[in-house]
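A.B. asks: One structure follows; several queries about it will come next.
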Amino acid sequence: MLVTVLVLMTMGTITMAIIGTLAVAGGLDPEYRELRYPKPDGYRFEGWRIQGTRTMCVDPRGGPPVDWSLLDMAVDVVATWQAAAPSLPLTVNGICKSAGGNAEADGKIRWEHMSDLWGEARNLSSTSGNIVLSPDVPPSWDCVRNLLLHETGHVLGLGHQSDDMPSVMNRAGCTHEITLVDVSAVRYLYEGRTKK
Ligand SMILES: [Zn+2]
């Protein structure tokens, strides 16, 4: 960063030199040029974010006996995260081929009976991630949607938050929607960067 700034200064590009100095003074990730999206205080991250683009398909088999669709919910959940961070490189692309649909995807959203969990994100990394939901959860749209928001947050690179932080990423079950601090966190990861 110092070298870049010095070179720019000798070129006489005063504006660029000032931007470089500000980024260093603020202690921000040097990848940033957009100071509107700082890291939210105290928020925990998984330590990576999605590289490139990611698709997820939905396998609705084995779900609870309700009349709503897991695919509709997954599309709605990703759209909600994208409303916070339009650059989010995640798409739900339909019903998985293995479930009789025509979508081939990088990851799956599906149901599975689990003894002690209502939802889980598995195989998480910057290049992979699957989501499993329990069909034994009280089958209300709001509750399962909040669980899916939470697990999708893990896929995006968000970690668990302490119970006193109002966040969809704390462990308080299905009670939390996305909050302002979650919006800041996902913007920090996906908006205002100059490179992947
Ligand atoms: Zn979790």
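This note's numbering applies: residue 2 is where the sequence shown begins, and numbers increase by one.
The C-beta atom is built at its ideal place from N, Cα and C for all residues, glycine as well.
Flag this pair as yes or no: are the beta carbons of L149 and I132 separated by less than 8 Å?
C.D. replies: To locate residue 149, count along the sequence shown from 1; it is residue 148. To locate residue 132, count along the sequence shown from 1; it is residue 131. It is a contact, given that the beta carbons lie within the stated cut-off.
A.B. asks: On the DSSP bridge assignment, give the partners of C97 in chain order.
C.D. replies: Locating residue 97 in the sequence shown gives position 96, where the first residue counts as 1. A104.
A.B. asks: Look at the Cβ atom of S168, then the Cβ atom of V182, and state whether they are nearer than 8 Å.
C.D. replies: Walking along the sequence shown from the start, residue 168 turns up at place 167. Walking along the sequence shown from the start, residue 182 turns up at place 181. Contact: yes.
A.B. asks: Looking at the structure shown, is Q162 part of a helix, part of a strand, or coil, going by DSSP?
C.D. replies: If you number the sequence shown from 1, residue 162 lands on position 161. DSSP places Q162 in strand when its eight states are reduced to three.
A.B. asks: From the DSSP secondary-structure annotation, give me the bridge partner or partners of I110.
C.D. replies: Numbered from its first residue, the sequence shown carries residue 110 at position 109. Partner(s): V59 and I132.
A.B. asks: Does the Cβ of V67 have 16 or more other Cβ atoms within 10 Å, making it buried, or fewer, making it exposed?
C.D. replies: For the purposes of this step, residue 67 is taken as residue 66 along the sequence shown, with counting starting at 1. Classification of V67: exposed, given that the 10 Å Cβ count is below 16.
A.B. asks: Return helix, strand or coil for A86, following the three-state DSSP convention.
C.D. replies: Here residue 86 refers to the residue found at position 85 of the sequence shown. Looking at A86 - three-state DSSP - the assignment turns out to be coil, as it is neither helix nor strand.
A.B. asks: At a threshold of 7 Å, does H114 count as lining ligand 1 (C-beta to nearest heavy atom)?
C.D. replies: Along the sequence shown, read from residue 1 onward, the residue named residue 114 stands at position 113. Flag unset: Cβ of H114 not near ligand 1.
A.B. asks: Quick check: is any heavy atom of ligand 1 less than 7 Å from the C-beta of H155?
C.D. replies: Translated into the one-based positions of the sequence shown, residue 155 becomes position 154. Yes, the Cβ of H155 comes within 7 Å of a heavy atom of ligand 1.
A.B. asks: Regarding H161 and ligand 1, is the C-beta to nearest heavy atom distance less than 7 Å?
C.D. replies: For the purposes of this step, residue 161 is identified with residue 160 of the sequence shown, where counting begins at 1. Because some heavy atom of ligand 1 lies under 7 Å away, the Cβ of H161 counts as near it: yes.
A.B. asks: Taking G64 as the reference, give the member of G174, G120, Y189 and T92 with the closest Cα.
C.D. replies: To locate residue 64, count along the sequence shown from 1; it is residue 63. Cα-wise, what sits closest to G64 is G120.
A.B. asks: Identify the continuous beta strand (DSSP E) that holds A122 and give its terminal residues.
C.D. replies: As a position in the sequence shown, residue 122 is number 121, starting the count at 1. Here the beta strand (DSSP E) through A122 covers G120 to R123.
A.B. asks: Please check the pair H155 and L190, which I expect to be a contact at CB under 8 Å, by giving their CB distance rounded to whole angstroms.
C.D. replies: Residue mapping note: residue 155 aligns to position 154 of the sequence shown, counting from 1. Residue mapping note: residue 190 aligns to position 189 of the sequence shown, counting from 1. Rounded, the Cβ-Cβ distance is 12 Å, inconsistent with contact.
A.B. asks: Give me the DSSP bridge partner(s) of N171.
C.D. replies: Start at 1 with the first residue of the sequence shown, and residue 171 comes out as number 170. BP columns for N171 point to Q162.
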